[in-house]
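Chemist: With the working numbering as the guide, the letters of the sequence shown map in order to residues 25 to 227. First, the structure itself, so that you have it in front of you.
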Amino acid sequence: MLLPRGAVRLRADLGEFLKRHRQGKLEGAAFGTQAQVAARAGITRGALSDIERGVAWPGPATLDALLDILELGWEHVAHPVESGVDQRYLVNDMPGGGRLSHMPLEEAPRRHRTFLEGVKGNQIIALGERIRFARQQKGMTLVEAAQAGGISAALLSRLERGQLRRSSVFAFVPAAEPGNPPKLIICNTWLARLCYRDNGDGD
Numbered sequence: 025m026l027l028p029r030g031a032v033r034l035r036a037d038l039g040e041f042l043k044r045h046r047q048g049k050l051e052g053a054a055f056g057t058q059a060q061v062a063a064r065a066g067i068t069r070g071a072l073s074d075i076e077r078g079v080a081w082p083g084p085a086t087l088d089a090l091l092d093i094l095e096l097g098w099e100h101v102a103h104p105v106e107s108g109v110d111q112r113y114l115v116n117d118m119p120g121g122g123r124l125s126h127m128p129l130e131e132a133p134r135r136h137r138t139f140l141e142g143v144k145g146n147q148i149i150a151l152g153e154r155i156r157f158a159r160q161q162k163g164m165t166l167v168e169a170a171q172a173g174g175i176s177a178a179l180l181s182r183l184e185r186g187q188l189r190r191s192s193v194f195a196f197v198p199a200a201e202p203g204n205p206p207k208l209i210i211c212n213t214w215l216a217r218l219c220y221r222d223n224g225d226g227d
């Protein structure tokens, strides 16, 4: 499994964490039964049970689906890489003490996940968190919000998780004063209203 660039390993209690979050024991309401969440993720109930019990590790597609369904970001399930670590090989411990096979970067899938860094990265991550919070406060699902905003649910999911370096949804404009960082603006009118509906500030 290739982790996001900037992540060194998944949390050791991944299965238990996903289970407790699914059940609503960590924050908010429950996301559904094992069977319901498994069906949405495209796996069997038994497979999800194995993941939650820590006896199996989710594949990349399954983990992506579970993060979407449970509205989680990589910051919830992965530890950041330490400085100086060779990021060509991002390897995790498997449940039971085994290890995943090395995956050279050139063999990685095109959908390479990235942890954003720097001033712009911080603004993009903050935007994603703000959108998720505002959407949840409005009681909307990911799909409902995406439809209202005229974008795909997959794009909105990646936006909320801070996985987009660039998008038609947002843009950076130069700061008014030299030396100040660029300012992020929301280009999607519906998302701008969602995020700033309380104060009327649309930028």
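All C-beta atoms in this analysis are idealised placements derived from N, C-alpha and C, irrespective of residue type, glycine included. None of the values given here were measured: they were computed from a predicted structure.
What whole-angstrom Cβ distance do G39 and I75 have, given they're in contact under 8 Å?
Modeler: With 8 Å as the limit, G39 and I75 qualify as a contact, their Cβ atoms being about 5 Å apart.
Chemist: Which two residues bound the contiguous beta strand (DSSP E) that contains I210?
Modeler: K207 to I210 is the extent of the beta strand (DSSP E) around I210.
Chemist: DSSP state of L90, grouped into three classes?
Modeler: Three-state result, L90: helix.
Chemist: Can you list, in chain order, the residues of its chain whose CB lies under 6 Å from that of L72, leaving out five sequence neighbours each side?
Modeler: Excluding positions up to five away in sequence, the list reads Q58 and A62.
Chemist: Within 10 angstroms of its Cβ, does N212 collect 16 or more other Cβ (buried), or is it exposed?
Modeler: N212 should be labelled buried.
Chemist: Please classify P82 as buried or exposed, where buried requires at least 16 neighbouring CB atoms within 10 angstroms.
Modeler: Per the 10 Å Cβ criterion, buried.
Chemist: Can you check DSSP and say which residues form a bridge with S191?
Modeler: Bridge partners of S191: F194.
Chemist: Within 10 angstroms of its Cβ, does V79 collect 16 or more other Cβ (buried), or is it exposed?
Modeler: Label assigned to V79: exposed.
Chemist: In or out: Q111 buried (at least 16 other Cβ within 10 Å) or exposed?
Modeler: Bear in mind that a pLDDT of 42 at Q111, under 50, signals an unreliable position, so the number given afterwards is only what the model happens to contain. Per the 10 Å Cβ criterion, exposed.
Chemist: Have a look at C219 and G70 and give me their C-alpha separation to the nearest angstrom.
Modeler: One C-alpha to the other measures close to 39 Å.
Chemist: Would you decide whether Q187 is buried or exposed? Buried here means 16 or more other CB atoms lie within 10 Å of its CB.
Modeler: With 16 or more other Cβ atoms within 10 Å, it is buried.
Chemist: Using DSSP with H/G/I as helix, E/B as strand and the rest coil, what is T213?
Modeler: In this structure, T213 counts as helix in the three-state DSSP scheme.
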